[in-house]
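So the structure is just underneath, and the comments pick up after that.
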Amino acid sequence: MRTDMFTAQSKLNMQHWLQRSALALAVSTSMVVGMTATTMTSAQAAISTADFSDLVQQVTPAVARVNVTKTISEAELAKAQTAELLRQFFGDRLSIPEQATMPAIEHAYGTAFFVSSDGYMLTNHHVVEGADKITVTLNDRTELDAVLIGSDERSDVAVLKVVGNKFPPLPIGDSNALRVGEPVLAIGSPFGFDYSASAGIVSAKSRSFSRETSVPFIQTDVALNPGNSGGPLFNQRGEVIGINSRIFSGTGGYMGLSFSIPIDAAMDIYQQLKTDGEVVRAYLGIYPQDIDRNLAEAYKLSRPQGALLTRVSPDSPAQKAGLKPGDIILQYNNVQIMQASDLLNLLNRAKPSDAFRAQIQRNGKQMMVSGQLAYAPDDVRAQGGDQQNDDVQLGLRLRNLTVDEQAEIAVDHKTGILVTTVDPTGLAARSGILAGDVITNFHQKPIKEVTDFSDAISSLPEKGVVTMEVIRQGIPAIIGLRIE
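Under the working numbering, the residues of the sequence shown are numbered 2 to 485, in order.
Given below as structure tokens:
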């Protein structure tokens with residue numbers, strides 16, 4: 002039976018309902034007519050939608066689609082195939098490729114935008130991570146090869162460079178001046194649909210994620226989907242105030258929670274990667290958490306505020322300054338700390354060797370502590386790119402592997418050093434060395450630390466070809482590097 006069929010009684014009931022509704026509507030209309038002109042104007046202003054049409058036309062030439070080609074190892078491919086088998090078992094009717102015996106090629110995409118007229122662009126680290134080749138497509142369909150200048154996993158910021166000097170850079174705004182409720186606009190390539198615009202408002206500021214303390218994200222309700230990553234987030238003045246980075250989703254698609262990297266933090270990372278090829282962070286050595294109502298009462302605070310230290314690392318600047326687990330940091334360098342993200346935001350913007358002074362509460366009593374920040378222990382300063390002789394300019398930035406990285410990529414008990422940046426004009430780039438490669442042997446010498454590579458550089462011939470053993474995406478390879 003169709004749902005739009007009625008009995009005679011149902012029709013009679015519907016007529017009575019319509020009569021009552023008409024009367025109620027007439028009363029409501031008379032009440033609205035009685036509203037003052039001022040009230041109506043305020044209501045209209047409150048529900049008006051920001052018009053971004055002129056802005057979209059203005060900024061689109063500075064936004065580009067990022068096209069990435071990656072080599073997928075046998076292990077990664079096998080893992081993906083296993084996941085697909087499970088999806089099919091639970092109901093998804095997807096074709097399952099045959100077990101591959103050779104690495105596969107994966108194509109991915111994202112978004113980037115110009116920050117300088119000479120071709121420097123910003124995007125996300127996760128967009129270009131592990132890329133063998135990167136190209137960008139401009140809004141006039143011009144496709145350009147891009148070089149990865151540097152990438153920082155903790156902040157999810159990467160810097161690209163294309164050849165040219167007449168590109169339209171976007172104006173940079175002040176993300177600290179953002180207000181919750183302010184309209185914002187995003188432009189990107191969701192699911193490959195180039196130059197899609199979506200708008201919303203700022204939902205919150207200084208959002209942080211568990212174990213990811215490097216960025217105080219801007220939360221919005223702007224519709225972001227795969228492909229928007231790395232694209233710009235604009236305010237109403239057409240200024241970039243964020244880099245779209247991630248969504249919170251249970252389905253893989255947009256669900257009303259989107260997160261962007263504040264442009265202030267991103268530009269700081271950009272300058273470090275552009276100038277030094279690496280990101281250096283300050284280190285205090287603490288593990289802070291927020292304080293809720295119960296903890297505030299337990300620690301005799303007038304309200305939930307401050308950053309509670311759950312752990313202080315041994316031999317860290319925090320321990321040397323006298324900080325202990327259970328301390329509550331209420332102020333840091335005269336800035337009030339309401340929650341842990343406030344403190345982490347200040348530390349992320351600080352430099353190694355900066356002095357600090359903190360007001361803390363311990364055992365119900367307040368006191369002051371002071372000390373000096375240090376270099377983060379996992380940020381090993383690159384030496385290989387700077388300790389080359391004048392005759393050999395490889396153009397590499399290198400760092401030692403962390404313990405976790407060593408365990409993850411070790412092949413046949415080998416270790417190595419990580420290539421973080423490749424100068425497009427250097428000999429290494431011309432020989433095919435890529436950022437993300439792990440160098441395990443150079444010029445017949447095992448490479449376990451950056452100092453080993455520096456020693457090998459000093460013994461290179463003036464001309465000729467030397468070999469470099471690398472691990473790329475889990476696959477060992479040998480590259481012939483020509484010295485000229």
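Yeah, the Cβ is synthetic: ideal placement off N, Cα and C, and Gly gets one too.
Next on the checklist: Taking 8 angstroms as the threshold (C-beta atoms), are I472 and T441 in contact?
Outcome noted: Numbered from 1 along the sequence shown, position 440 holds the residue referred to as residue 441. Numbered from 1 along the sequence shown, position 471 holds the residue referred to as residue 472. Yes, the Cβ-Cβ distance between T441 and I472 is below 8 angstroms.
Checklist entry - How many Å lie between V116 and D146 at the Cα? => result Taking the sequence shown and counting its residues from 1, one reaches residue 116 at position 115. Taking the sequence shown and counting its residues from 1, one reaches residue 146 at position 145. Using only the alpha carbons, I get a separation of about 17 angstroms.
Item to check | Chain-order list of residues whose beta-carbon lies under 7 angstroms from that of Q360 (same chain, five-residue window excluded) | outcome: Here residue 360 corresponds to residue number 359 of the sequence shown, with the count starting at 1. Same-chain partners within the cutoff: L331, Q332, Q367, M369.
Item to check | Rounded straight-line distance, which links the Cα of K301 to that of K162 | outcome: Position 161 of the sequence shown, counted from the start, is the residue given in the question as residue 162. Position 300 of the sequence shown, counted from the start, is the residue given in the question as residue 301. If I take the Cα positions, the gap works out to 54 angstroms.
Checklist entry - So Y110 and G228 are in contact, right, with Cβ under 8 angstroms, and what is the actual spacing, rounded? => result On the sequence shown, position 109 is the one that residue 110 refers to. On the sequence shown, position 227 is the one that residue 228 refers to. 6 angstroms between Cβ atoms; contact.
Next on the checklist: Which of the three DSSP states is assigned to S176 in this structure?
Outcome noted: Walking along the sequence shown from the start, residue 176 turns up at place 175. Three-state result, S176: helix.
Checklist entry - Does the beta-carbon distance from A51 to A200 come in below 8 angstroms? => result Sequence index remark: in the sequence shown, residue 51 carries index 50 (1-based). Sequence index remark: in the sequence shown, residue 200 carries index 199 (1-based). Going by C-beta atoms, A51 is nearer than 8 angstroms to A200.
Checklist entry - Do you know how far the Cα of I264 is from the Cα of A478? => result Working through the sequence shown from its first residue, we reach residue 478 at position 477. Working through the sequence shown from its first residue, we reach residue 264 at position 263. Roughly 38 angstroms separates the two Cα atoms.
Next on the checklist: Considering just the uninterrupted stretch of the beta strand (DSSP E) at M122, what are its terminal residues?
Outcome noted: Residue 122 sits at position 121 when you count from the first residue of the sequence shown. Start and end: 121 to 124.
Checklist entry - Where do the N-terminal and C-terminal ends of the alpha helix (DSSP H) with Y271 fall, by residue? => result Counted from its first residue, the sequence shown places residue 271 at position 270. That run of the alpha helix (DSSP H) goes 264 to 277.
Next on the checklist: Comparing C-alpha positions only, which one of Q407, G327, K449, A322 sits nearest to S371?
Outcome noted: Here residue 371 refers to the residue found at position 370 of the sequence shown. The residue with the shortest Cα to Cα distance from S371 is A322.
Next on the checklist: Can you check which of these residues, I434, N68, V57, is closest to F192 by C-alpha distance?
Outcome noted: What you label residue 192 is simply residue 191 of the sequence shown in a count that begins at 1. Taking only the C-alpha atoms, the option nearest F192 is N68.
Checklist entry - Are the region 301 to 313 and the region 171 to 191 touching, with three or more C-beta to C-beta distances below 8 angstroms? => result no
Next on the checklist: Less than 8 angstroms between CB atoms is the rule here; does A178 satisfy it with respect to chain C?
Outcome noted: Among the chains of the structure shown, chain C does not appear; only one protein chain is present.
Checklist entry - S432 to R483, Cα distance in whole Å? => result Locating residue 432 in the sequence shown gives position 431, counting from the first residue. Locating residue 483 in the sequence shown gives position 482, counting from the first residue. About 7 angstroms.
Item to check | I434 - DSSP class collapsed to helix/strand/coil | outcome: As a first step, residue 434 must be located in the sequence shown, where it is residue number 433. In the structure shown, I434 sits in coil (DSSP, three-state: anything other than H, G, I, E or B).
Checklist entry - Among N236, E240, S230, Q237, which has the Cα closest to the Cα of S246? => result Here residue 246 refers to the residue found at position 245 of the sequence shown. Residue S230 is the option with its Cα nearest to S246.
Checklist entry - When DSSP labels each residue in this structure, what does A497 get in the three-state scheme? => result Lying outside 2 to 485, the shown extent of the chain, residue 497 is not represented and no answer is given.
Checklist entry - How close, in whole Å, do the beta carbons of A283 and K352 come, if the pair is a contact with beta carbons under 8 angstroms? => result Counting from 1 along the sequence shown, the entry for residue 283 is found at position 282. Counting from 1 along the sequence shown, the entry for residue 352 is found at position 351. That pair is a contact at about 6 angstroms.
Item to check | Continuous alpha helix (DSSP H) stretch holding I458: start and end | outcome: Here residue 458 refers to the residue found at position 457 when the sequence shown is read from its first residue. First-last of the alpha helix (DSSP H) with I458: 451 to 459.
Next on the checklist: So S259 and V223 are supposed to be a Cβ contact under 8 angstroms. How far apart are they, rounded?
Outcome noted: Taking the first residue of the sequence shown as position 1, residue 259 is located at position 258. Taking the first residue of the sequence shown as position 1, residue 223 is located at position 222. Yes, S259 and V223 are in contact; Cβ-Cβ is about 5 angstroms, under 8 angstroms.
Item to check | For V423, the three-state DSSP class (helix, strand or coil) | outcome: As a working note, residue 423 is residue 422 in the sequence shown. Three-state result, V423: strand.
Next on the checklist: Is it buried or exposed, F443, if we count other Cβ atoms within 10 angstroms and call 16 or more buried?
Outcome noted: As a working mapping, residue 443 is identified with position 442 in the sequence shown. Buried is the call here.
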